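Asks:
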Amino acid sequence: MGSNRTDSDSRDGPHRSPTSFARDDRAIEGLPIRLVIALVVGVAALAIMLNMLGGIGSVGDTEVTVKIADDDQVIEADATGSDAKVDVYAIDENGNNVSDATIVATADSAQLDGVLDESTGDDNHAQLDFGGDQSLRADQDMGSIQLEVIPPSDSNYIDEQPNPTIRVVSR
Numbered sequence: 016m017g018s019n020r021t022d023s024d025s026r027d028g029p030h031r032s033p034t035s036f037a038r039d040d041r042a043i044e045g046l047p048i049r050l051v052i053a054l055v056v057g058v059a060a061l062a063i064m065l066n067m068l069g070g071i072g073s074v075g076d077t078e079v080t081v082k083i084a085d086d087d088q089v090i091e092a093d094a095t096g097s098d099a100k101v102d103v104y105a106i107d108e109n110g111n112n113v114s115d116a117t118i119v120a121t122a123d124s125a126q127l128d129g130v131l132d133e134s135t136g137d138d139n140h141a142q143l144d145f146g147g148d149q150s151l152r153a154d155q156d157m158g159s160i161q162l163e164v165i166p167p168s169d170s171n172y173i174d175e176q177p178n179p180t181i182r183v184v185s186r
């Protein structure tokens, strides 16, 4: 049995003669599945690239943290007066002063009546006065108070890393 194709239509490969699209009788059955595969591979590659870039963080953000004065890292439970005051400083990751930040102290494993917050001035210094509000449970000898920095709203500072804690001890 003979074929209905002309001689020019039966050629395959790179030596195929140019024909117009109007005379092309080939089907496009494979095209939609190829597009779907290309789309899935592209989306997967994009997801992998975005995941790698996600760990970098925003450009220009600088981590800010709390520095506790060396002699104030440990306070006694229920201490009052100057014994209950802790000097803290807001600094960035390069050791530069951060002014107009707010340092917030909250209960962690030690108990604290409420939340204590103080703003740093132009000298990046704040003094947290616990005034006897810090205490320990009856079965505790030591606990901690968590510190957090709220950076100035008009800056590129962020506080995402853990900050040092203040230790509360029973003597």
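Start counting at 1 in the sequence shown, then tack on 15, and there's your number in this note's numbering. Backbone N, C-alpha and C fix where the C-beta goes; we use that ideal spot for every residue, glycine too. A quick note: this is a predicted structure, and the numbers were derived from the prediction, not measured.
1) Taking the beta strand (DSSP E) that alanine 84 falls in, what are its first and last residues?
2) Checking 9 angstroms against the spacing of the C-beta atoms, do serine 159 and arginine 182 come in under that value?
3) Just the Cα atoms here: how many angstroms apart are isoleucine 173 and glutamine 126?
4) On the DSSP letters alone, give me the boundaries of the beta strand (DSSP E) that threonine 180 sits inside.
5) DSSP state of alanine 125, grouped into three classes?
6) Could you name the residues of the same chain whose beta carbon sits closer than 6 angstroms to that of isoleucine 6, not counting the 5 residues immediately before and after it, in chain order?
7) Round the Cβ separation of threonine 135 and aspartate 115 to the nearest angstrom and send it over; I've been treating them as touching at under 8 angstroms.
8) Can you tell me whether isoleucine 83 is buried or exposed, with buried defined as 16 or more other CB within 10 angstroms of its CB?
9) Measure how close the beta-carbons of valine 101 and leucine 151 come, nearest whole angstrom, since I'm counting them as under 8 angstroms.
10) Please determine, among Thr180, Val184 and Glu175, the residue with the shortest C-alpha to C-alpha distance to valine 79.
Replies: This is what the structure holds:
1) Here alanine 84 belongs to no beta strand (DSSP E), and DSSP marks it neither H nor E.
2) It is a contact, given that the beta carbons lie within the stated cut-off.
3) One C-alpha to the other measures close to 27 angstroms.
4) Start and end: 180-184.
5) Reduced to three states, the DSSP call for alanine 125 is coil.
6) Nothing can be reported for residue 6: it is not among the residues displayed for the chain, which extend from 16 to 186.
7) About 7 angstroms; that satisfies the 8 angstroms criterion.
8) Buried.
9) About 16 angstroms; that fails the 8 angstroms criterion.
10) With distances taken between Cα atoms, valine 79 lies closest to Glu175.
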